[in-house]
Amino acid sequence: MVKVVSGPSFDEDMNPLPPKEDWKDFGSCRCDDNGVMKQISVNGVMYDYNYHVVYEGGILNAGTEVRILDGESVRAEGKVIKSGKSNYFKYAEIWL
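For the sequence shown, the numbering used here begins at 2 and goes up steadily by one.
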């Protein structure tokens with residue numbers, strides 16, 4: 002699931018309302034734990050990541066909050082560190 006935050010909105014008196022947060026389902030995926038503490042490089046900086054997720058869909062921007070569900074329980078949760086999309090196969094991957 003991807004966290005979606007609504008843009009600014011106003012009530013009938015034009016007072017600003019707080020943004021609304023909602024979780025949007027983006028389909029099935031495979032989520033692997035990083036048990037061996039591998040690292041990834043983003044613009045020459047090395048990052049430790051907790052989860053590697055492969056899914057069918059488009060690229061998610063760095064900083065996007067993601068939650069991976071296994072049935073009703075949360076398997077993984079975090080912010081996207083890096084994302085990539087295969088140019089031949091129809092899948093993308095993210096590192097949280």
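Every residue, glycine too, gets a C-beta built ideally from N, C-alpha and C.
If I'm right that residue i touches residue j with Cβ under 8 Å, what's the distance once you round it to whole angstroms?
{"i": "Leu-97", "j": "Gly-79", "result": "4 Å"}
{"i": "Val-81", "j": "Ala-63", "result": "5 Å"}
{"i": "Gly-85", "j": "Ala-93", "result": "7 Å"}
{"i": "Asp-26", "j": "His-53", "result": "Their Cβ separation, rounded to whole angstroms, is 20 Å, which puts Asp-26 and His-53 out of contact at 8 Å."}
In the DSSP assignment, what are the bridge partners of residue i?
{"i": "Ala-63", "result": "DSSP output for Ala-63 lists no bridge partner at all."}
Between the Cα of residue i and the Cα atoms of the options, which residue gives the shortest distance?
{"i": "Val-55", "options": "Asn-44, Ile-41, Phe-11 and Lys-91", "result": "Lys-91"}
{"i": "Cys-30", "options": "Pro-20, Tyr-48 and Gly-72", "result": "Gly-72"}
Under DSSP, the beta strand (DSSP E) around residue i begins and ends at which residues?
{"i": "Gly-79", "result": "74-80"}
{"i": "Val-55", "result": "52-56"}
{"i": "Val-37", "result": "Premise fails: Val-37 is in no beta strand (DSSP E) and is neither H nor E."}
{"i": "Asn-84", "result": "Contrary to the premise, residue 84 reads as Ser rather than Asn in this sequence. Per DSSP, Ser-84 belongs to the beta strand (DSSP E) from 83-86."}
From residue i to residue j, what does the alpha carbon distance come to, in whole angstroms?
{"i": "Met-15", "j": "Pro-9", "result": "11 Å"}
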